[in-house]
Amino acid sequence: MIIVHVVEPFAAGVAVFVKSLTETMPEELHIVIHGERKHVMSAKEVKLTFPKNNVRFIHWKSAQRSVNPKKDLLALGELYKILRRLKQKKLVDAVHLHSSKSGLLGRVACRMAGIKQVIYTPNGAPFLSGGNMLSNFVYMQLERFGSKVAGSVVCCSVSELQEYEKRGIKASYISNGISLPNALEVTKPQNAKSKFQIITTGRIEGQKNPQLFNEIASYFEEFDQFEFIWAGDGVERSVLTASNIKVTGWVPSQQIKKLVTQADIYLSTSVFEGLSFGVLEALAFKKPVLLSQCVGNKDVVKRGINGDIFKNQTEAVVKILSYFNNRDMVNVMGQHSYDICKSEFDMFRNFRLYKNIYQGLPIFSLAS
């Protein structure tokens, strides 16, 4: 079977998602049609993380993030030509579209090319972006339009599925997952740290709400015992002004894993998620997770067992102080995090279900 993935952005969590699919189905050929965001990570660097035996790449040159009707029409035309050529050469059995821009343009292009087996995974519903009401309304209408054009929507968490169903968009879900053996390759350091470390990972942008992260860190500026780490970079880096925040910039994934392993708790201030790979990795590293109350985050936390959900700065500060004053509780919560990750978010179990969908099996068969 040949699966064609259409990816924009080709970076961060979406790239991890596609890479995970290629790893869980090594017997299939995967063709990845991708854009590029050089300010985040070059396509060349991302490609190096993928398996070499069963993955081929095609550069989608005109793809770009911002909404621009003229450029989007060019991107649509280019994508259509690529898909039509692959179909003519019998190099496509199913098309999997990743994130909203690829989802809309890809479904239209597949309809034009006569490709029937089409799957779209939002990896974060665009109409929950936290922008103004008008832009969220427009995104919602575009998602409704796309669902009528072609394909099926497969969300990556229960809460994301519920948001689509609320808006009358038919969908199903398969939970994101990670590879536990790979996550555990980084061993826990033996040396005691001088500070209580709170970490987050990923792009520094509006969706991740760096302003709230900064507000939480600011409360602890006068306390030398606390250190906040943002492992990543992005356009809103300047928002992180608190003196106790360390921003690493873009560093290799193994270094990020080491930083997460060394930290005491994982903090997410996101406005919305699909189901964050950064959070799942924190579970695998036996970290309590303190997550903002939003779609995607609430699927991961069992309150008081492996972490907590918070609504605002005050609630987050109270929880961090509670963790700091009860290190034994932090260790117990961390073990629960790992157990939950192993039972609910194992990549090789969850992602193999996509093969059913690629083969056109009914959605209800996923439960079997």
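Residues in the sequence shown are numbered consecutively from 18, following the numbering used here.
Beta carbons are placed, not taken as given, at the ideal position from N, Cα and C, and that holds for glycine.
- prompt: With 16 as the cutoff for other CB atoms within 10 Å, does residue 316 come out buried or exposed?
  reply: For the purposes of this step, residue 316 is taken as residue 299 along the sequence shown, with counting starting at 1. Looking at its Cβ environment, which holds 16 or more other Cβ atoms inside 10 Å, residue 316 is buried.
field: residue 30 (DSSP reduced to helix, strand or coil)
entry: Stepping through the sequence shown from its first residue, residue 30 is reached at position 13. Correct three-state label for residue 30: helix.
Candidates 54, 238, 19 and 371, of which the one nearest residue 71 by Cα: Here the question's residue 71 lines up with position 54 in the sequence shown. Nearest of 54, 238, 19 and 371 to residue 71, Cα basis: 19.
message: Strictly by DSSP, which residues pair up with residue 262?
response: The residue labelled residue 262 in the question sits at position 245 within the sequence shown. Residue 262 pairs with 245.
query: Which of the three DSSP states, helix, strand or coil, is assigned to residue 365?
result: Position 348 of the sequence shown, counted from the start, is the residue given in the question as residue 365. In the structure shown, residue 365 sits in a helix (DSSP, three-state: H, G or I).
query: Should residue 221 and residue 227 be called a contact, given that it needs their Cβ atoms to be closer than 8 Å?
result: For the purposes of this step, residue 221 is taken as residue 204 along the sequence shown, with counting starting at 1. For the purposes of this step, residue 227 is taken as residue 210 along the sequence shown, with counting starting at 1. In contact: residue 221 and residue 227 (Cβ atoms closer than 8 Å).
query: Secondary structure at residue 220, three-state DSSP: helix, strand or coil?
result: Position 203 of the sequence shown holds residue 220. Residue state, collapsed to three classes: coil.
- request: Can you check the region 305–380 for any alpha helix (DSSP H) of at least 4 residues that lies completely inside it and give the ranges in chain order?
  value: 330–341, 344–361, 364–367 and 370–375
message: Considering just the uninterrupted stretch of the alpha helix (DSSP H) at residue 92, what are its terminal residues?
response: Position 75 of the sequence shown, counting from 1, holds the residue named residue 92. Note, residue 92: alpha helix (DSSP H), 86–105.
Option nearest residue 327 by Cα separation, candidates 284, 215 and 159: Counted from its first residue, the sequence shown places residue 327 at position 310. Among 284, 215 and 159, the Cα nearest to that of residue 327 belongs to 284.
message: What I want to know is whether the C-beta of residue 58 ends up closer than 7 Å to one or more non-hydrogen atoms of the ligand ZN.
response: By its list of ligands, the structure shown contains no ligand whatsoever, and the ligand ZN lies outside what it can speak to.
- request: Using the DSSP secondary-structure output, state which residues sit across from residue 213 in a beta bridge.
  value: The residue labelled residue 213 in the question sits at position 196 within the sequence shown. Looking at the DSSP assignment, residue 213 forms a beta bridge with 243.
task: Apply the 10 Å Cβ neighbour rule to residue 335 and answer buried if 16 or more other Cβ atoms are within range, or exposed otherwise.
output: On the sequence shown, position 318 is the one that residue 335 refers to. Exposed is the call here.
- prompt: Which residue's Cα is closest to the Cα of residue 319: 290, 353, 297 and 215?
  reply: Residue numbering aside, residue 319 sits at position 302 when the sequence shown is read from its first letter. Closest by alpha carbon: 353.
Under the three-state DSSP convention, the category residue 138 falls into: For this step, residue 138 is matched to residue 121 along the sequence shown. Looking at residue 138 - three-state DSSP - the assignment turns out to be strand.
query: How would you label residue 203, buried or exposed, when you count the other beta carbons within 10 angstroms and need 16 or more for buried?
result: On the sequence shown, residue 203 is found 186 positions in, with the first residue counted as 1. Low local confidence applies: a pLDDT of 46 at residue 203 is under 50, so the model's placement there is unreliable, with the coordinate-based value given in what follows. That one is buried.
field: Under 8 Å between C-beta atoms of residue 357 and residue 300
entry: As a first step, residue 357 is located in the sequence shown; it is residue number 340 there, counting from the start. As a first step, residue 300 is located in the sequence shown; it is residue number 283 there, counting from the start. Yes, Cβ-Cβ distance for residue 357 and residue 300 is below 8 Å.
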